[in-house]
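> The following block contains the structure, expressed as structure tokens.
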Amino acid sequence: GEPTIKAQLRRLQALDMTVSSIGNVASDTHLAAAGIATAEELRAARTAGAVGVICCRYIAADGQEIAMPPHDRLIAATLDDLRSARKRLLAVCGVDRCDATRAALNAGLVTHLCVDHALARALLES
Numbered sequence: 001g002e003p004t005i006k007a008q009l010r011r012l013q014a015l016d017m018t019v020s021s022i023g024n025v026a027s028d029t030h031l032a033a034a035g036i037a038t039a040e041e042l043r044a045a046r047t048a049g050a051v052g053v054i055c056c057r058y059i060a061a062d063g064q065e066i067a068m069p070p071h072d073r074l075i076a077a078t079l080d081d082l083r084s085a086r087k088r089l090l091a092v093c094g095v096d097r098c099d100a101t102r103a104a105l106n107a108g109l110v111t112h113l114c115v116d117h118a119l120a121r122a123l124l125e126s
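The sequence shown begins at 1 in our numbering and counts up by one.
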């Protein structure tokens, strides 16, 4: 394999801190807009129980990863890589991402959370 890529992937396994966001799995999500996932793949992910997407990886409400495309096409941090970082900041805006944010919390992907007022209220009331 390519040594530079191998070195970068090894670095993902030793993260000190992560800064990420999470999207929902609606048909107009950023995965669709960027051409990363097709409408059919998003539909299948929702049917399989996905409520959010982080690092192009689908997660269910309980925080478990749902291994579906584009999962098999990724060269990126895994959820375990993210989870292993000592500090994990998640920044999210919008009540449409409430279920996804709760899933990230359930997955252990967050130590520090930054949200807007509306999402904070939705999380507290859910």
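For glycine and all other residues, C-beta sits at the position ideal for the given N, C-alpha and C.
Note that the structure is predicted; figures quoted are calculated from it, not measured.
Within 10 angstroms of its Cβ, does Ala85 collect 16 or more other Cβ (buried), or is it exposed?
Sequence index remark: in the sequence shown, residue 85 carries index 85 (1-based). Buried, since its Cβ has 16 or more Cβ neighbours within 10 Å.
> Count the other C-beta atoms from every protein chain shown that fall within 10 angstroms of the C-beta of Ile75, then say buried if there are 16 or more, exposed otherwise.
For this step, residue 75 is matched to residue 75 along the sequence shown. Exposed: under 16 other Cβ atoms inside 10 Å.
> Note down the Cα distance separating Val110 from His71, rounded to an integer number of angstroms.
Stepping through the sequence shown from its first residue, residue 110 is reached at position 110. Stepping through the sequence shown from its first residue, residue 71 is reached at position 71. Using only the alpha carbons, I get a separation of about 21 Å.
> Considering only residues of the segment 46-85, which uninterrupted alpha helix (DSSP H) runs meet the minimum length of 4 residues and lie entirely inside it, listed in chain order?
79-84
> Per DSSP, which one or two residues make a beta bridge with His112?
Here residue 112 refers to the residue found at position 112 when the sequence shown is read from its first residue. Among the bridge pairs identified by DSSP, His112 is matched with Leu89.
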